[in-house]
Amino acid sequence: MSFIISSVEKFNEIAGNDFERDEARISAMEHYFSKGGVIKVAPSSNSWPSLLYPNPLNLKTKIDKLSTNRGIFLKKQFAWKQKLRDASIYELANNVKKFKEKAYWKHVSKYMSDQDYRADADSVKLPIHLVADKRWKPMIEMFVEDYDYRKKLTETVEKSIVYKDDKRVARFADVIQSFRVDESTKKINELQAKIDAIDKDIESMKEMMKWGKS
8 MSFIISSVEK FNEIAGNDFE RDEARISAME HYFSKGGVIK VAPSSNSWPS
58 LLYPNPLNLK TKIDKLSTNR GIFLKKQFAW KQKLRDASIY ELANNVKKFK
108 EKAYWKHVSK YMSDQDYRAD ADSVKLPIHL VADKRWKPMI EMFVEDYDYR
158 KKLTETVEKS IVYKDDKRVA RFADVIQSFR VDESTKKINE LQAKIDAIDK
208 DIESMKEMMK WGKS
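First residue of the sequence shown: 8, per the working numbering; consecutive thereafter.
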(Lines of atoms letter the chains of each structure in order from A; the text may use other names.)
(Lines give C-alpha, C1' and ligand atoms only; values in the text may rest on other atoms or scores of the structure.)
Protein backbone atom coordinates (compact mmCIF):
# COMPACT_ATOMS: atom_id res chain seq x y z
CA MET A 8 0.00 0.00 0.00
CA SER A 9 1.25 3.46 -0.86
CA PHE A 10 0.26 6.89 0.43
CA ILE A 11 0.09 10.38 -1.11
CA ILE A 12 1.29 12.93 1.43
CA SER A 13 1.42 16.73 1.31
CA SER A 14 2.37 17.67 4.88
CA VAL A 15 4.79 16.62 7.60
CA GLU A 16 1.84 16.12 9.95
CA LYS A 17 0.30 13.63 7.57
CA PHE A 18 3.66 11.90 7.14
CA ASN A 19 4.04 11.55 10.92
CA GLU A 20 0.51 10.20 11.14
CA ILE A 21 1.20 7.51 8.54
CA ALA A 22 4.80 6.71 9.47
CA GLY A 23 4.12 6.64 13.19
CA ASN A 24 6.76 7.28 15.80
CA ASP A 25 8.99 4.31 15.10
CA PHE A 26 11.05 5.80 12.26
CA GLU A 27 14.47 7.21 13.01
CA ARG A 28 14.48 10.98 13.32
CA ASP A 29 16.52 12.59 10.53
CA GLU A 30 16.35 16.35 10.94
CA ALA A 31 17.95 17.13 7.58
CA ARG A 32 15.48 14.90 5.78
CA ILE A 33 12.51 16.23 7.74
CA SER A 34 13.59 19.81 7.01
CA ALA A 35 13.94 18.98 3.31
CA MET A 36 10.49 17.42 3.32
CA GLU A 37 8.96 20.44 5.08
CA HIS A 38 10.49 22.76 2.51
CA TYR A 39 9.28 20.57 -0.35
CA PHE A 40 5.74 20.63 1.06
CA SER A 41 5.90 24.41 1.59
CA LYS A 42 6.43 24.80 -2.16
CA GLY A 43 3.28 22.80 -2.94
CA GLY A 44 5.03 19.48 -3.44
CA VAL A 45 3.55 16.08 -2.69
CA ILE A 46 5.26 12.76 -2.09
CA LYS A 47 4.26 9.15 -2.47
CA VAL A 48 5.61 6.68 0.06
CA ALA A 49 5.22 2.99 0.81
CA PRO A 50 5.97 0.93 3.91
CA SER A 51 9.53 -0.38 4.07
CA SER A 52 11.63 -2.64 6.23
CA ASN A 53 13.98 0.33 6.71
CA SER A 54 13.51 2.89 9.45
CA TRP A 55 11.93 5.23 6.89
CA PRO A 56 9.15 4.49 4.37
CA SER A 57 10.30 4.14 0.76
CA LEU A 58 10.02 7.31 -1.35
CA LEU A 59 8.26 6.39 -4.59
CA TYR A 60 7.64 9.93 -5.83
CA PRO A 61 9.43 12.10 -6.61
CA ASN A 62 12.03 9.56 -7.62
CA PRO A 63 15.72 10.45 -8.05
CA LEU A 64 15.30 11.03 -11.79
CA ASN A 65 12.38 13.45 -11.22
CA LEU A 66 14.40 15.30 -8.64
CA LYS A 67 17.52 15.49 -10.81
CA THR A 68 15.48 16.97 -13.67
CA LYS A 69 14.12 19.64 -11.33
CA ILE A 70 17.56 20.34 -9.88
CA ASP A 71 19.04 20.75 -13.37
CA LYS A 72 16.33 23.25 -14.29
CA LEU A 73 16.83 25.16 -11.07
CA SER A 74 20.58 25.23 -11.65
CA THR A 75 20.04 26.70 -15.12
CA ASN A 76 17.80 29.41 -13.69
CA ARG A 77 20.34 30.08 -10.96
CA GLY A 78 23.01 30.66 -13.60
CA ILE A 79 20.76 33.12 -15.41
CA PHE A 80 20.09 35.05 -12.20
CA LEU A 81 23.80 35.10 -11.37
CA LYS A 82 24.61 36.62 -14.76
CA LYS A 83 21.93 39.27 -14.31
CA GLN A 84 23.18 40.00 -10.81
CA PHE A 85 26.74 40.38 -12.08
CA ALA A 86 25.55 42.89 -14.69
CA TRP A 87 23.73 44.91 -12.01
CA LYS A 88 26.79 44.78 -9.77
CA GLN A 89 28.80 46.27 -12.62
CA LYS A 90 26.20 49.04 -12.97
CA LEU A 91 26.35 49.68 -9.23
CA ARG A 92 30.12 49.85 -9.38
CA ASP A 93 30.02 52.29 -12.29
CA ALA A 94 27.44 54.45 -10.51
CA SER A 95 29.38 54.34 -7.25
CA ILE A 96 32.65 55.51 -8.82
CA TYR A 97 31.00 57.93 -11.28
CA GLU A 98 32.14 61.05 -9.43
CA LEU A 99 35.64 59.71 -8.82
CA ALA A 100 36.08 58.56 -12.43
CA ASN A 101 34.98 61.89 -13.85
CA ASN A 102 37.17 63.81 -11.44
CA VAL A 103 40.15 61.91 -12.86
CA LYS A 104 39.07 62.15 -16.51
CA LYS A 105 38.48 65.90 -16.35
CA PHE A 106 42.23 66.59 -16.33
CA LYS A 107 42.48 65.32 -19.92
CA GLU A 108 39.92 67.83 -21.17
CA LYS A 109 41.03 71.16 -22.66
CA ALA A 110 37.80 72.78 -21.53
CA TYR A 111 38.66 72.01 -17.92
CA TRP A 112 41.96 73.88 -18.08
CA LYS A 113 40.36 76.79 -19.94
CA HIS A 114 37.77 76.93 -17.19
CA VAL A 115 40.45 76.95 -14.49
CA SER A 116 42.32 79.74 -16.28
CA LYS A 117 39.22 81.87 -16.75
CA TYR A 118 37.97 81.16 -13.24
CA MET A 119 41.25 82.44 -11.80
CA SER A 120 41.66 85.47 -14.04
CA ASP A 121 38.14 86.57 -15.08
CA GLN A 122 35.96 87.85 -12.25
CA ASP A 123 32.85 88.00 -14.45
CA TYR A 124 33.34 84.42 -15.62
CA ARG A 125 33.91 83.27 -12.05
CA ALA A 126 30.68 84.91 -10.91
CA ASP A 127 28.70 83.17 -13.68
CA ALA A 128 30.29 79.78 -12.97
CA ASP A 129 29.53 80.11 -9.26
CA SER A 130 25.99 81.29 -9.98
CA VAL A 131 25.06 78.22 -12.00
CA LYS A 132 27.37 75.93 -9.99
CA LEU A 133 28.95 74.75 -13.22
CA PRO A 134 29.58 70.98 -12.99
CA ILE A 135 33.09 71.26 -14.40
CA HIS A 136 33.97 67.87 -12.86
CA LEU A 137 31.61 66.31 -15.43
CA VAL A 138 33.35 67.80 -18.45
CA ALA A 139 34.49 64.34 -19.58
CA ASP A 140 30.92 63.00 -19.50
CA LYS A 141 29.56 63.06 -23.06
CA ARG A 142 26.15 64.13 -21.75
CA TRP A 143 27.54 67.26 -20.10
CA LYS A 144 30.62 68.00 -22.18
CA PRO A 145 28.87 70.02 -24.96
CA MET A 146 27.10 72.28 -22.47
CA ILE A 147 30.24 72.85 -20.40
CA GLU A 148 32.37 73.57 -23.46
CA MET A 149 29.79 76.09 -24.68
CA PHE A 150 29.75 77.74 -21.27
CA VAL A 151 33.54 78.04 -21.27
CA GLU A 152 33.92 79.15 -24.90
CA ASP A 153 30.78 81.12 -25.75
CA TYR A 154 30.15 84.37 -23.88
CA ASP A 155 26.58 84.77 -25.13
CA TYR A 156 25.67 81.20 -24.23
CA ARG A 157 27.17 81.64 -20.77
CA LYS A 158 25.22 84.79 -20.09
CA LYS A 159 21.98 83.29 -21.39
CA LEU A 160 22.40 80.16 -19.26
CA THR A 161 23.27 82.21 -16.18
CA GLU A 162 20.20 84.38 -16.68
CA THR A 163 18.01 81.32 -17.15
CA VAL A 164 19.28 79.71 -13.96
CA GLU A 165 18.91 82.94 -12.01
CA LYS A 166 15.37 83.74 -13.16
CA SER A 167 13.72 80.45 -14.07
CA ILE A 168 11.32 78.97 -11.52
CA VAL A 169 12.79 75.57 -12.39
CA TYR A 170 16.01 76.56 -10.63
CA LYS A 171 14.36 78.56 -7.85
CA ASP A 172 15.27 76.23 -4.97
CA ASP A 173 18.47 74.77 -6.35
CA LYS A 174 20.51 76.86 -8.77
CA ARG A 175 22.52 74.06 -10.34
CA VAL A 176 22.48 73.20 -14.02
CA ALA A 177 23.59 69.66 -13.14
CA ARG A 178 21.25 69.03 -10.23
CA PHE A 179 19.63 66.22 -12.23
CA ALA A 180 23.01 64.50 -12.52
CA ASP A 181 22.94 63.94 -8.77
CA VAL A 182 19.36 62.67 -8.92
CA ILE A 183 20.17 60.30 -11.79
CA GLN A 184 23.24 58.90 -10.04
CA SER A 185 21.33 58.41 -6.80
CA PHE A 186 18.59 56.60 -8.74
CA ARG A 187 21.14 54.37 -10.46
CA VAL A 188 22.72 53.38 -7.16
CA ASP A 189 19.35 52.72 -5.53
CA GLU A 190 17.97 50.80 -8.52
CA SER A 191 21.11 48.68 -8.89
CA THR A 192 21.13 47.84 -5.20
CA LYS A 193 17.44 46.94 -5.33
CA LYS A 194 17.92 44.64 -8.34
CA ILE A 195 20.97 42.97 -6.78
CA ASN A 196 19.04 42.24 -3.59
CA GLU A 197 16.00 40.95 -5.51
CA LEU A 198 18.17 38.59 -7.55
CA GLN A 199 20.04 37.45 -4.45
CA ALA A 200 16.72 36.54 -2.84
CA LYS A 201 15.86 34.42 -5.90
CA ILE A 202 19.28 32.76 -5.85
CA ASP A 203 18.95 32.01 -2.13
CA ALA A 204 15.50 30.50 -2.71
CA ILE A 205 16.84 28.29 -5.50
CA ASP A 206 19.75 27.19 -3.31
CA LYS A 207 17.27 26.16 -0.63
CA ASP A 208 15.18 24.27 -3.20
CA ILE A 209 18.23 22.45 -4.55
CA GLU A 210 19.48 21.64 -1.06
CA SER A 211 16.14 20.11 -0.06
CA MET A 212 15.83 18.13 -3.30
CA LYS A 213 19.34 16.73 -2.96
CA GLU A 214 18.45 15.53 0.51
CA MET A 215 15.31 13.91 -0.82
CA MET A 216 17.36 12.24 -3.55
CA LYS A 217 19.37 10.53 -0.82
CA TRP A 218 16.10 9.33 0.66
CA GLY A 219 14.87 8.08 -2.71
CA LYS A 220 18.09 6.12 -3.28
CA SER A 221 18.16 4.57 0.20
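Think of the CB as a built atom: it goes at the ideal place given N, C-alpha and C, for glycine as much as any other residue.
Checking the DSSP bridge columns, you'll see Lys47 partnered with Ile11 and Tyr60. Straight across, the Cα-Cα distance linking Asn62 with Ile195 is about 35 Å. If you compare the alpha carbons of Met216, Glu37, Phe85 and Val48 with that of Phe10, the shortest gap goes to Val48. Under the 8 Å Cβ criterion, the region 146-158 counts as touching the region 96-114, having at least three qualifying pairs. The Cβ atoms of Leu58 and Met215 sit closer than 9 Å to each other.
Under the three-state reduction of DSSP, Glu20 is assigned to helix.
Out of Glu16, Glu98 and Lys104, the CA that lies nearest to the CA of Ser185 is found in Glu98. For Val131 and Thr163, the gap between their C-alpha atoms comes out near 9 Å. For Arg142, the three-state secondary structure derived from DSSP is coil.
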